[in-house]
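Written below as C-alpha cells is the structure these notes are about.
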C-alpha cells in the first residue's frame, strides 16, 4: 500500500479538493482526511487496473507496478486495503457535521463504484473493442472523469452549500474531468517516457480507442483547448477565490506528464 | 455481482445483524441497508479469495466461482464493485442519526480492511506456512472473526447505546467469530461435498493450518463446544430478547454446511 501510494504521482485529485475548499473560504487542514482518501482510492484503482488480468502493465510512476514488485495476490489485497482505508479516513477522521461527512463519502463511493471507476473499467475490459466516439467518451467519463469531478463535488457537499450556489463549480468539475482525459490520451502518444514514468504508446499497442485514435492528434488538441476554456469560464462564474483552481486547470492542459 | 451475491449461502452475517437489532428492541426493517451491506462485503471477500492468484478455487456455493464463470478481470471488478455498493448502501440508504450511521460504517470498514479481512488474507498468503497455533488463530480472527463480530457491533454502534451496556454483546460477538471458524475447519474435513457446495478437504490439500490440523478433530470439537458455551453465557448476561441470537449460536455449532 505504501509502495504504490508514496511512489509520487501528481496528486491532482487531493490538490483539487483542497483548492475547492480554499475557493469556498475553508481551512485546508479541515479537509485533509477527505482529500487523502481520494488519493488512496485513485491509487487502489491504478493497482487493480495494472494487474495481469486487466491491463497487464509493468511500469507505473517510474517503478515496477505493485504486482511486479509484490506478487499478484498482494497487489489485489493492497488495492482492497487502500479502498477500505480511504473509507476509514473519511468515516473516522473527517471532521464536520456527520450528515455532510456521510454525503461526501457517498459521493466518493458513487465515483468509485459501478456508476464510476469500476463500471468504466468493466466496460473497458468487456466492450472497448467496438465502441464509437460517444461510447469512448462514456468509458473515460466513468473511469476517470467521475473521480476528478467528485474531488470537487465531495467538498461542495461537505460545505453544505445550496446546490444552486455550487452549480458553476459542478460544471467546472465536469469539464475538468474531460480535459484531464483528453490530455492523458495526447500524452500517451506525444509524451516523454522517462517523464511519464510508463511506456509511451501503451494505449495504441493495446488497441485502445482514445481521443487521439478516434479524432486524430490535431482535433484532440482542439477539444482539449475547448474543455479548458469551458472549465475556466465556469470558474469565473463561481465568484469564489479560484486562483489555485485556475492554475490547476491551466496545469492540466499544459502538463507534460 | 448478482451471480455471486444471489448464489445462496447462509446469510449468517446479515441475519446476525438483524437478530441483534431485534434483541435490542428495534424494527428489523430499519437495519436492512446495513445488514445487506455486510453480505455484500462478505461476498466481495469470497470472490477475491477465490481468484487464481489467491486460493484458486473453482467451486463456491455449488456453482463455478465468479472468475471461472466471467473471467478474472470481471471477477476482480465484481468484488471491487460489491465493496463500493456496500458503502453506498450504508452512506445513502441507512436511516438513523448520521453520527451513528458513520460509526457503524467505520466499524464495517475496520473489519473489512487491513485490521481485518484484508490483513488476515495478506497474512494467509504470505506467512501461513510457518505459523503456530496462536498465529493461526490470529489469521482466522482477522479473516473471519472480525466481520462476524462487526455484524453485531455495528448494530450496537447504530443504536447509540452506552458501551458499558453492550459489553456482554461484544463478548458474545467475539466468541461467535471463533466458534464459526472452528466449525468451518471441522466441516472442511468431515462435511458432505454436495451440501457444502465446495470440494471437501481443500484446506488440507492447500497445506493450510486449521484448527483440525493443529489440534486434531477431537480437540477442535471440544474447542467449538467451549466457544459455544461462552457465547451462550454472554448472551444470557445481556438482558435482551436474545432468542433468535441463541438459535443462531446453536445453528453455528451444529450446522452441516
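Chains as they are written, first to last, in our numbering: chain A, 12 to 268; chain B, 12 to 268. All residues carry an ideal CB built from backbone N, CA and C; glycine is no exception.
{"Asked": "Could you name the residues of chain A that residue 129 of chain B contacts, counting a contact when the two beta carbons are closer than 8 Å?", "Found": "88, 91, 92 and 95"}
{"Asked": "Taking the CB atoms as reference points, tell me whether residue 266 of chain A and residue 194 of chain A lie closer together than 8 Å.", "Found": "yes"}
{"Asked": "Name the two residues that bound the continuous alpha helix (DSSP H) containing residue 104 of chain A.", "Found": "First-last for residue 104 of chain A: undefined, no H or E at that position."}
{"Asked": "Does the separation of the CB atoms of residue 246 of chain A and residue 257 of chain A fall below 8 Å?", "Found": "yes"}
{"Asked": "In its own chain, which residues sit with a C-beta less than 8 Å from the C-beta of residue 38 of chain A, not counting the 5 before and 5 after it?", "Found": "32"}
{"Asked": "Going residue by residue through the segment 142-223 of chain B, where are the continuous alpha helix (DSSP H) segments of at least 4 residues, counting only ones entirely within it?", "Found": "144-151, 157-170, 178-201, 204-207 and 213-216"}
{"Asked": "Would you tell me roughly how many angstroms separate the C-alpha atoms of residue 149 of chain B and residue 158 of chain B, rounded to the nearest one?", "Found": "14 Å"}
{"Asked": "Hey, is residue 247 of chain A's beta-carbon within less than 8 Å of any beta-carbon in chain B?", "Found": "no"}
{"Asked": "Out of A/224, A/165, A/185 and A/184, point me to the one whose CA is closest to residue 200 of chain A's CA.", "Found": "A/224"}
{"Asked": "Strictly by DSSP, which residues pair up with residue 74 of chain B?", "Found": "B/71"}
{"Asked": "Quick one, which residues of the segment 167-197 of chain B are near chain A if we go by CB-CB under 7 Å, in chain order?", "Found": "none"}
{"Asked": "Which stretch, first to last residue, makes up the alpha helix (DSSP H) that contains residue 53 of chain B?", "Found": "43-61"}
{"Asked": "Mind checking if residue 124 of chain B is an interface residue toward chain C, Cβ cutoff 8 Å exclusive?", "Found": "As a matter of chain content, chain C is missing from the structure shown, whose protein chains are A and B."}
{"Asked": "Mind checking which residues open and close the alpha helix (DSSP H) that includes residue 280 of chain A?", "Found": "Chain A is shown only over 12 to 268; residue 280 of chain A falls outside these bounds and no answer can be derived."}
{"Asked": "Restricting to Cα atoms, I'd like to know which of B/24, B/16, B/14 and B/35 is closest to residue 179 of chain B.", "Found": "B/35"}
{"Asked": "Buried or exposed, going by whether 16 or more other CB atoms sit within 10 Å of the CB of residue 154 of chain A?", "Found": "buried"}
{"Asked": "DSSP three-state call for residue 126 of chain B: helix, strand or coil?", "Found": "coil"}
{"Asked": "Mind the definition here: the segment 51-58 of chain A touches the segment 79-97 of chain A only if three or more C-beta pairs lie below 8 Å; say whether that holds.", "Found": "yes"}
{"Asked": "In the DSSP assignment, find the alpha helix (DSSP H) that holds residue 254 of chain A and state where it starts and stops.", "Found": "254-265"}
{"Asked": "Against chain B, does residue 261 of chain A count as a neighbour if the rule is that its beta carbon must be under 8 Å from one of theirs?", "Found": "no"}
{"Asked": "From which residue to which residue does the alpha helix (DSSP H) around residue 7 of chain A run?", "Found": "Outside the shown range of chain A (12 to 268) lies residue 7 of chain A, about which nothing can therefore be said."}
{"Asked": "Helix, strand or coil, according to DSSP, for residue 37 of chain B in the structure here?", "Found": "coil"}
{"Asked": "For chain A, is any of its Cβ atoms less than 8 Å away from the one on residue 53 of chain B?", "Found": "no"}
{"Asked": "Pick helix, strand or coil for residue 246 of chain A, following the three-state DSSP scheme.", "Found": "helix"}
{"Asked": "Take residue 24 of chain B and list the residues in its own chain whose beta-carbon comes closer than 7 Å to its own, dropping the five residues that flank it on each side.", "Found": "49, 50, 53, 158, 159 and 162"}
{"Asked": "Got a sec: which bits of the segment 94-122 of chain A sit with their beta carbon under 7 Å from any beta carbon on chain B, in order along the chain?", "Found": "94, 95, 96, 98, 99, 102, 103, 109, 110, 112, 113, 116, 117, 120 and 121"}
{"Asked": "Closer than 9 Å by beta-carbon distance: list the chain B residues that pair up with residue 14 of chain A, in chain order.", "Found": "Those within 9 Å of residue 14 of chain A in chain B number zero; the least Cβ separation is about 14 Å."}
{"Asked": "Against residue 136 of chain A, what residues of chain B qualify as contacts under a CB-to-CB distance less than 9 Å, listed in chain order?", "Found": "82, 84, 85 and 88"}
{"Asked": "Based on Cα-Cα distance, which residue from A/85, A/88, A/108 and A/115 lies nearest to residue 103 of chain B?", "Found": "A/115"}
{"Asked": "If we define contact as Cβ-Cβ less than 8 Å, is residue 64 of chain A a contact residue for chain B?", "Found": "yes"}
{"Asked": "Please decide whether residue 132 of chain A counts as near chain B, where near means a Cβ-Cβ distance under 8 Å.", "Found": "yes"}
{"Asked": "Out of curiosity, what's the CA-to-CA distance linking residue 70 of chain A and residue 80 of chain A?", "Found": "10 Å"}
{"Asked": "Does any residue of chain A have a CB that is nearer than 8 Å to the CB of residue 59 of chain B?", "Found": "yes"}
{"Asked": "Cα separation between residue 240 of chain A and residue 137 of chain A?", "Found": "34 Å"}
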